[in-house]
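Trainee:
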Amino acid sequence: MSSHIETIFHPDTFTLTHVLHDGPGSEAAVIDTVLDYNPTNGRVSTEAADLLIAHLEEKDLKLRYVLETHVHADHLTAAKYLQHRLGAKVGISKHVTKIQKEWAGRYNTPLEVIEADASFDLMLADGDQLPLNGTAIGVMETPGHTPACVTYTFEDAAFVGDTMFMPDYGTARCDFPDGDGAMLYRSLQKTLSLPDETRLHMCHDYQPGGRELKWMVTVAEQKAANIHLTEYRSEEAFAAFRATKDAGLSTPRLLWPAIQVNIRGGGLPAPEENGARYLKIPVGGDAAEWT
477 MSSHIETIFH
487 PDTFTLTHVL
497 HDGPGSEAAV
507 IDTVLDYNPT
517 NGRVSTEAAD
527 LLIAHLEEKD
537 LKLRYVLETH
547 VHADHLTAAK
557 YLQHRLGAKV
567 GISKHVTKIQ
577 KEWAGRYNTP
587 LEVIEADASF
597 DLMLADGDQL
607 PLNGTAIGVM
617 ETPGHTPACV
627 TYTFEDAAFV
637 GDTMFMPDYG
647 TARCDFPDGD
657 GAMLYRSLQK
667 TLSLPDETRL
677 HMCHDYQPGG
687 RELKWMVTVA
697 EQKAANIHLT
707 EYRSEEAFAA
717 FRATKDAGLS
727 TPRLLWPAIQ
737 VNIRGGGLPA
747 PEENGARYLK
757 IPVGGDAAEW
767 T
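Okay, structure coming up:
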């Protein structure tokens, strides 16, 4: 293959950002970026994004696209910051509108406010092609984890987001709003119908058992060894497994701030009258009984 794929790991969120290009002086696309967020003090920083920018500058690359595989619940995206700094276009599934509508209600925020804040330039659909250096990035809709998940294809590679992980970690949870285990099973089969030699690039690696970092596996290897897909071989069995497993999973650490920012494409809520910006986190439990 004439093109290059480079991967940058963000240890705090176990996120893998992929850089696609054709060598020095060419255009680049980045998939699944990270904006640093400290939940203990509410501070946002651009350390990871600035390291990515430095990498692009070192390679003499012009950033054309910032692409999201889905609305992430475990980290904040740096898409809007990169758009501001480098002028790149931000792309995401056209079904992000479903997620914006769902979560606007959960944040008690008018949908039109979120839509106005959003920085999405490219609302992508199944079969779309994004030109890059004489080749193209393809778009495959692969919902189930969320209704707005896509897998990007690029020459002999694919970028699968959170639909699946390395074989020893399995597949994605489906308990977010409009998630669907049966739908995820069909999406996984769609991805695994790519040629066996296709290199599947993960969005996260949680390094089970403390093993070394890994982020790439072939379709053939995934079909042969994925701990969930080799045990639950039918749509019905897989969906039942996911429903049971997901019921016992904890809420992602950064879910409330992450989705609030990510449905805006990396933008923060507008400043309030005192000049400060606020991220909403709803209060649960039994507070209504004594407040």
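The sequence shown begins at 477 in the working numbering and counts up one residue at a time. Where is the CB? At the ideal position from N, CA and C, for every residue including glycine.
1) Please state the DSSP three-state secondary structure of residue 488.
2) What would DSSP say about residue 750, mapped onto helix, strand or coil?
3) Between which residues of its own chain and residue 596 is the CB-CB distance below 6 Å, once the five residues before and five after are set aside?
4) Could you tell me the distance, in whole angstroms, from the CA atom of residue 500 to the CA atom of residue 506?
5) With a threshold of 7 Å on Cβ separation, who are the neighbours of residue 477 within its own chain once the five nearest residues in sequence on each side are excluded?
6) Restricting to Cα atoms, I'd like to know which of 481, 480, 485, 479 is closest to residue 690.
7) How is residue 616 classed by DSSP in three states: helix, strand or coil?
8) Here's the rule I'm using: 16 or more other beta-carbon atoms within 10 Å means buried, otherwise exposed. How should residue 719 be labelled?
9) With DSSP as the reference, please indicate the residues paired to residue 607 in a beta bridge.
10) Determine the closest residue to residue 515 out of 743, 756, 717, with distance taken between C-alpha atoms.
11) Mapping the DSSP letters down to three states, classify residue 642 as helix, strand or coil.
12) So, using beta-carbon positions, are residue 553 and residue 622 closer together than 7 Å?
13) Leaving aside the five residues before and after residue 615 along the sequence, list all residues of the same chain whose C-beta is less than 6 Å from its C-beta, in chain order.
14) In chain order, what residues of the same chain have a beta carbon less than 8 Å from the beta carbon of residue 523, not counting five sequence neighbours either side?
15) State buried or exposed for residue 738, treating a residue as buried only when at least 16 other CB atoms are found within 10 Å of its CB.
16) Looking at the structure shown, is residue 581 part of a helix, part of a strand, or coil, going by DSSP?
17) Do three or more CB pairs link the segment 665-675 to the segment 691-705 at distances below 8 Å?
18) So for residue 477, helix, strand or coil by DSSP?
19) Between 504, 734, 653, which has its C-alpha nearest residue 533's C-alpha?
Mentor: Checking against the coordinates, here is how it stands:
1) Numbered from 1 along the sequence shown, position 12 holds the residue referred to as residue 488. Reduced to three states, the DSSP call for residue 488 is coil.
2) Taking the first residue of the sequence shown as position 1, residue 750 is located at position 274. Here residue 750 sits in coil by DSSP.
3) As a first step, residue 596 is located in the sequence shown; it is residue number 120 there, counting from the start. These residues qualify, in order along the chain: 566, 568, 741.
4) In the sequence shown, the residue the question calls residue 500 occupies position 24. In the sequence shown, the residue the question calls residue 506 occupies position 30. About 15 Å.
5) As a position in the sequence shown, residue 477 is number 1, starting the count at 1. For residue 477, the predicted model reports a pLDDT of 44, less than 50, meaning its position is unreliable; a value from the coordinates is still stated below. Taken in chain order, the residues that qualify are 631, 632.
6) Along the sequence shown, read from residue 1 onward, the residue named residue 690 stands at position 214. Selected option, being the one with the closest Cα: 485.
7) As a position in the sequence shown, residue 616 is number 140, starting the count at 1. Note: residue 616 maps to strand in three-state DSSP.
8) Here residue 719 refers to the residue found at position 243 of the sequence shown. Counting Cβ neighbours within 10 Å, residue 719 comes out exposed, since fewer than 16 surround it.
9) By one-based count along the sequence shown, residue 607 stands at place 131. In DSSP, residue 607 forms a bridge with 612.
10) Start at 1 with the first residue of the sequence shown, and residue 515 comes out as number 39. When only C-alpha atoms are compared, the closest one is 756.
11) Residue numbering aside, residue 642 sits at position 166 when the sequence shown is read from its first letter. It is coil, neither helix nor strand.
12) Position 77 of the sequence shown holds residue 553. Position 146 of the sequence shown holds residue 622. No, Cβ-Cβ distance for residue 553 and residue 622 is not below 7 Å.
13) Start at 1 with the first residue of the sequence shown, and residue 615 comes out as number 139. The answer, listed in chain order, is 600, 604, 626.
14) What you label residue 523 is simply residue 47 of the sequence shown in a count that begins at 1. 512, listed in sequence order.
15) In the sequence shown, counting from the first residue as 1, residue 738 sits at position 262. So residue 738 ends up on the buried side.
16) Along the sequence shown, read from residue 1 onward, the residue named residue 581 stands at position 105. Looking at residue 581 - three-state DSSP - the assignment turns out to be helix.
17) yes
18) Locating residue 477 in the sequence shown gives position 1, where the first residue counts as 1. Interpretation of residue 477 is limited by its pLDDT of 44, a score under 50 that renders its predicted location unreliable; the figure taken from the coordinates is listed afterwards. It is coil, neither helix nor strand.
19) Numbered from its first residue, the sequence shown carries residue 533 at position 57. When only C-alpha atoms are compared, the closest one is 504.
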